[in-house]
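Only one structure is covered here, and it is reproduced in the block below.
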Amino acid sequence: MNKAGKRIAVIFVSLLLILSFALSGCSSSSTGTTKKTITVWFFGDQPKPFQDLVAKFQKQSGINVNVQAIPWANAHDKLLTAVASKSGPDVITMGSSWMPEFAKAGALADLTPYLKDNPNLKPSNFFKGSVETAQYNGKYYGAPWYIDTRVLFYRTDLLKKVGYTQPPKTWDELLDAATKLSKRGKGYYGFNIDPKEQSTAFMFARQNGSNLIENGKTQFNQPAFVDAVTYMDKFIKQGATPKTDLGIDLTQSFGGKSFVPMFISGSWNIQTINTTVPDVKGKWATAVLPKGKDNNKSILGGADLTIFKYSKNKANSAKLLNYLSSEETQLKWLKISTDMPAVSSAWNSNQLKDNPFYKAFGEQAKTAEPLPLVPQFEEMAQGYLKSWEKIYRTGANVQKTLDQYNSSAQQILDNK
Amino acid sequence: MVLPFIWMLLSSVKTDMEILQIPPSIWPKSFTLDNFITLFTQMDFLVYLKNTIIIVLFSFVGMFLNAIAGYGFAKYRFKGKNSLFYLVLATMMIPGQVTMIPVYLLLNMAHLTNTLLGIALPGMVGAFGIFLFRQFMSTISDEIIEAARLDGCSEFYIFWKIILPISRPVLAVQGILTFIAGWNSFIWPLIIANDQKYYTLSVGLALLKGQHASNYALQMAGSAFMVIPIVIVFLALQKYILQGFNVSGMK
Amino acid sequence: MKTFLNKNSPYLFITPALFLLLIFSIVPIIISLIISFTDINITGLADWSKIHFIGLSNYVNLFNDPAFLQSIGNSIFYVVIGVPFVIACSMGIALLINFGDSWIFRLFRLIFYAPSITNVVAVAVVWNYLYNPQFGLLNYMLQFVHLGPVPWLQDPFIAKISLIILALWRAIGVNMLIFLAALQGIPKAYYEAAQIDGANSWQRLTKITIPMLRFATFFVTVTTLIGWLQFFEEPLVMTSGGPLNSTNSIALFIYQNGFQFSKFGYAAAGSMILFVIIIVVTLIQFRGQRKQQDNQM
């Protein structure tokens, strides 16, 4: 063997070594799924606390729970590969807006057969709106895990200065307060309408009496919807809402002298405000939404606990769901994560009743409804954002723009 | 030019509150190591590090394959060379997201999902690397190779003993890029792994990002930590970039 | 045995890499081509019997989709403005940095390289602050010369330019390294000969350095062009394609349809069109390069 040959041999041997090292590193573990282990795909940033949460369940039941945390931003990709390969986890903590999509695709198991042995999963235990997110074509695909509903955040001190000792109770009051607050000077506003938040208009339209989608027909150019968008546009036109994205976080513009002292958003802001702008402590509050022509319903989202259709451990998985849906576990999770319980009885506990910031959420959740539960809604909502951009940026005619939008949304809806 | 880089480093020792204040501060008012502590307690750091290193090793094997293929395309005439090379280039032109699900299904059929091999394979070779090596090796003069052949050297010996040393600058460039790609590998570890014990550091970092609110301080601490080895590798390899052998001077 | 190895060595050399590429790129591309003629969505993904062949409908719809047409227009704009800038800047910086190897040059190499290794989240946060219309650093500085405020990311046209500046800033590092490596391949003897002939430094640059860099330039041109046609990350994190769709690129359009709306067939058709565009442009470049080489010979 010449020198070159030796070198080749060395390279190939080392290649083989590396490969076999890597292979042996894996093969030992892939035998995994014994009957007593269930895998949970957990979407979120707190996998460790969730593991602690299920520790008690593992002890009680003798079932091993393997938690795989998946980053939110890539959760959808990961779910798609699971659906495509028909292999994946047993339990998924599914974002409620994805429920229709994956339920329609047949990726989730119907929970109805497991209700008898697992009383905590009974639909009547949860907020009505939450249960709706878990239902598709009359079947029950998930147990609500936590809720996300939107309420009004406002600066009590600044509203007092413009004559509001109480939070705005009606649309008119909201507009009036916001306009007055924006008169504080250049660069100051009253109320935030996030140009990237798709749900805002649908929420306002519903408060204005719109049904959004009726018998398979989109209602986005009907008076109730058009008036709601016109109402939102008034905030921009009167300078009460920034016309261009301020490019800073909601809480940043909320603190200090407060460029934007009122906004509608979800419960995670409570903690963000406390940690990032602690200087406003005692000067802000949450309140239920101002009432429109018809009601003051908010939208309801959150996450549902689902069982993957191709799971081989459905009965054991249902036991885990049952454990997670107990009032006790839900309150424990609230403490760890600030995710709000979907079990309605949990809201009678002191932990929630005594917290002034949470109160508005509990109140709001009673009537809140999810966004239309059709798989194409995400695409329709994106289309809305583009129309809204046209209206507030270029001053396009509201009725005409929404006529156009309605017909394209109808097309998306028909296009199954 | 370097402002974002510096900002990233400095923000890693700030509190989240300070990062978000207006106007922003460049120099941290109060140093805190909390971000790093949270980082290491929230992540299975050693496991992720081990996986990341294994994937980097695979990437370097892939770089070697790229180099040898680039050499094949640069210095040989053979049947179908041009069409094969266009085929290689074509693979560079399709956005990665489109091929993701097909690749996953293929790996699943081969029972390579949830293995480190399956995680490393899709990213091992790439048209970018092959193309880069081909371009550079084209400029090496044929006389050297011919002379070596007359001396009776084997083809592989020529590649290993003559071509690679000459190509040191481009190897250094590609080495830096390969290291970064392996070190930051994110999407395949996430998609192929069905178990957290195969996650890489990047995936671990992505877990820190919330659905709505993000803790910037924590993310910056993670990014700052991730970038340190890259800077070291860059500093170590950059001197080779400027140490070219003046081969074409023999003409 | 040895002669066999030597005779077939080019094939032996390219086979391992080609094999991997075949499996992980070419086969998936063919699969994408097939699904671009279907109506596959997430339901079809779960149950293959629900996939229907719909012929060219996806392609017909694409060319009637104003958002898609606009994204093609935007991508062309990015390419036309972006590619020359990236090449000129990275080559220029490489030439300047190549003058020496003292610590100051090494520092500058790291400085110019730093943007390409900075985490994209950090990039987004800092640039968002720079570009912020009210509190941003750029407009703050413009105030002193009584200019502005410039709506960096709010005006449909300026937003495109702003994203190009950002992407240029990120792209210089890698391309600079490639040019630096290529500069080492130029024989010093050429310069010495030119000096004897009395060529000044400008002539040496245009007559020796730049022509000798043509292999590297070609590489950078092709990859940068492909990069700009696949321009994706910057609009995603900075503008999500807005305002009024003015910064949306073809790749971002594909991503939105494929992964946000799960319309895989439609997205696959979009990527096939992108694929064809890139192939055509690249082939034109290869023709150009070959002609150039022929002329020199």
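Chains as they are written, first to last, in our numbering: chain A, 8 to 423; chain B, 1450 to 1700; chain C, 6 to 302. For each residue, glycine too, the CB sits at the ideal point set by N, CA and C.
Option nearest residue i by Cα separation, candidates the options
{"i": "A:V381", "options": "A:K63, A:D59, A:A112 and A:I255", "result": "A:A112"}
{"i": "A:K339", "options": "A:D97, A:P174, A:G273 and A:P56", "result": "A:P56"}
{"i": "C:P21", "options": "B:L1565, B:V1505 and B:G1521", "result": "B:G1521"}
{"i": "A:K168", "options": "A:L159, A:N81, A:W178 and A:T186", "result": "A:T186"}
{"i": "A:P151", "options": "A:I314, A:I343 and A:P363", "result": "A:I314"}
{"i": "C:L234", "options": "C:P216, C:F291 and C:I86", "result": "C:I86"}
{"i": "C:I56", "options": "C:A199, C:V227 and C:T43", "result": "C:T43"}
{"i": "A:K366", "options": "A:E376, A:W354 and A:P377", "result": "A:W354"}
{"i": "C:I255", "options": "C:Q148, C:L25, C:F149 and C:P71", "result": "C:P71"}
{"i": "B:I1625", "options": "B:L1514, B:R1598, B:N1500 and B:Y1689", "result": "B:Y1689"}
{"i": "C:E238", "options": "C:G97, C:V126, C:L74 and C:L25", "result": "C:V126"}
{"i": "C:I81", "options": "C:L279, C:F291, C:Q294 and C:K296", "result": "C:L279"}
{"i": "B:H1661", "options": "A:D421, A:F50, A:Y412 and A:Q389", "result": "A:F50"}
{"i": "B:I1475", "options": "B:N1484, B:D1600, B:S1460 and B:R1583", "result": "B:S1460"}
{"i": "A:K123", "options": "A:Q417, A:P268, A:K393 and A:N329", "result": "A:N329"}
{"i": "C:L61", "options": "C:D52, C:I39 and C:W53", "result": "C:I39"}
{"i": "A:A82", "options": "B:N1643, B:V1682 and B:V1547", "result": "B:N1643"}
{"i": "C:L218", "options": "C:G49, C:P138, C:A99 and C:S76", "result": "C:A99"}
{"i": "A:Y161", "options": "A:A294, A:N320, A:G402 and A:G246", "result": "A:A294"}
Length of the line joining the Cα atoms of residue i and residue j
{"i": "C:A194", "j": "B:A1523", "result": "24 Å"}
{"i": "C:A129", "j": "B:A1596", "result": "53 Å"}
{"i": "B:M1669", "j": "B:L1469", "result": "13 Å"}
{"i": "C:F18", "j": "C:W174", "result": "36 Å"}
{"i": "A:M347", "j": "B:M1573", "result": "44 Å"}
{"i": "A:G136", "j": "A:S274", "result": "17 Å"}
{"i": "B:V1652", "j": "A:G309", "result": "24 Å"}
{"i": "B:F1494", "j": "A:Q58", "result": "17 Å"}
{"i": "C:F184", "j": "B:E1592", "result": "24 Å"}
{"i": "A:W105", "j": "C:Y16", "result": "49 Å"}
{"i": "A:G192", "j": "B:Y1497", "result": "51 Å"}
{"i": "A:T408", "j": "C:G247", "result": "17 Å"}
{"i": "B:I1677", "j": "C:R111", "result": "17 Å"}
{"i": "C:W108", "j": "B:L1691", "result": "14 Å"}
{"i": "C:L25", "j": "B:L1536", "result": "13 Å"}
{"i": "B:I1611", "j": "B:F1585", "result": "14 Å"}
{"i": "B:T1562", "j": "A:F211", "result": "46 Å"}
{"i": "A:E334", "j": "A:N132", "result": "10 Å"}
{"i": "A:W48", "j": "A:G102", "result": "12 Å"}
{"i": "A:K393", "j": "C:N250", "result": "8 Å"}
{"i": "A:K288", "j": "A:F368", "result": "19 Å"}
One or two residues paired with residue i in a DSSP bridge
{"i": "A:T100", "result": "A:L312"}
{"i": "A:N404", "result": "Beta-bridge pairing links A:N404 to no other residue."}
{"i": "A:K4", "result": "No information on residue 4 of chain A is available, as it lies outside the stretch 8 to 423 that chain A covers here."}
{"i": "A:L115", "result": "A:F315"}
{"i": "A:L159", "result": "A:I271 and A:A294"}
Proximal residues of chain F, C-beta to C-beta of residue i below 9 Å
{"i": "A:T258", "result": "No chain F appears in the structure shown, which is made up of the protein chains A, B and C."}
Of the residues that make up the segment 40 to 51 of chain C, which ones have a beta carbon closer than 7 Å to any beta carbon in chain A?
I47, T48, L50 and A51
Segments assigned alpha helix (DSSP H), at least 4 residues, entirely inside the segment 219 to 256 of chain C:
219 to 234 and 238 to 243
Contacting positions in the segment 90 to 104 of chain A - beta carbon closer than 9 Å to chain C:
V90, A91 and K93
Can you pull out the residues from the segment 373 to 392 of chain A whose beta carbon lies closer than 8 Å to at least one beta carbon of chain C?
P382, Q383, E385, E386 and Q389
Under 8 Å, CB to CB, which of the residues in the segment 133 to 156 of chain C have a partner in chain A?
N133, Y134, Y136, N137, P138, Q139, F140, G141 and P156
Please identify, using Cβ separations under 9 Å, the residues of the segment 205 to 216 of chain C that lie next to chain A, in order along the chain.
none
Select from the segment 68 to 95 of chain C all residues with a C-beta closer than 9 Å to any C-beta belonging to chain A, and list them in chain order.
A72
Listed from N- to C-terminal order along the chain, which residues in the segment 255 to 286 of chain C have their beta-carbon within a distance smaller than 7 Å of any beta-carbon of chain A?
F264, Q265, F266 and S267
In chain order, which continuous runs of the alpha helix (DSSP H) of length 4 or greater are located wholly inside the segment 179 to 216 of chain C?
193 to 201 and 206 to 209
Short of 8 Å Cβ to Cβ, which residues in the segment 1539 to 1565 of chain B face chain A?
M1549, I1550, Y1553, L1554, N1557, T1562, N1563, T1564 and L1565
Closer than 8 Å between beta carbons: that is the criterion. Which residues of the segment 320 to 335 of chain A meet it against chain B?
none
Quick one, which residues of the segment 108 to 125 of chain C are near chain B if we go by CB-CB under 8 Å, in chain order?
R111, R114, L115, I116, F117, Y118, A119, P120, I122, T123 and N124
What residues from the segment 1667 to 1681 of chain B come within 8 Å of chain A, judged by C-beta to C-beta, listed N to C?
none
Using Cβ-Cβ distances below 8 Å, what residues of the segment 175 to 186 of chain C are close to chain B?
V179, L182, I183, L185 and A186
Please list the residues of the segment 1590 to 1606 of chain B that have a C-beta atom closer than 8 Å to any C-beta atom in chain C, keeping them in chain order.
S1603, E1604 and F1605
Ignoring anything shorter than 4 residues or poking outside the segment 339 to 387 of chain A, list the alpha helix (DSSP H) runs there in chain order.
357 to 360 and 363 to 374
Going residue by residue through the segment 77 to 143 of chain C, where are the continuous alpha helix (DSSP H) segments of at least 4 residues, counting only ones entirely within it?
108 to 122 and 125 to 136
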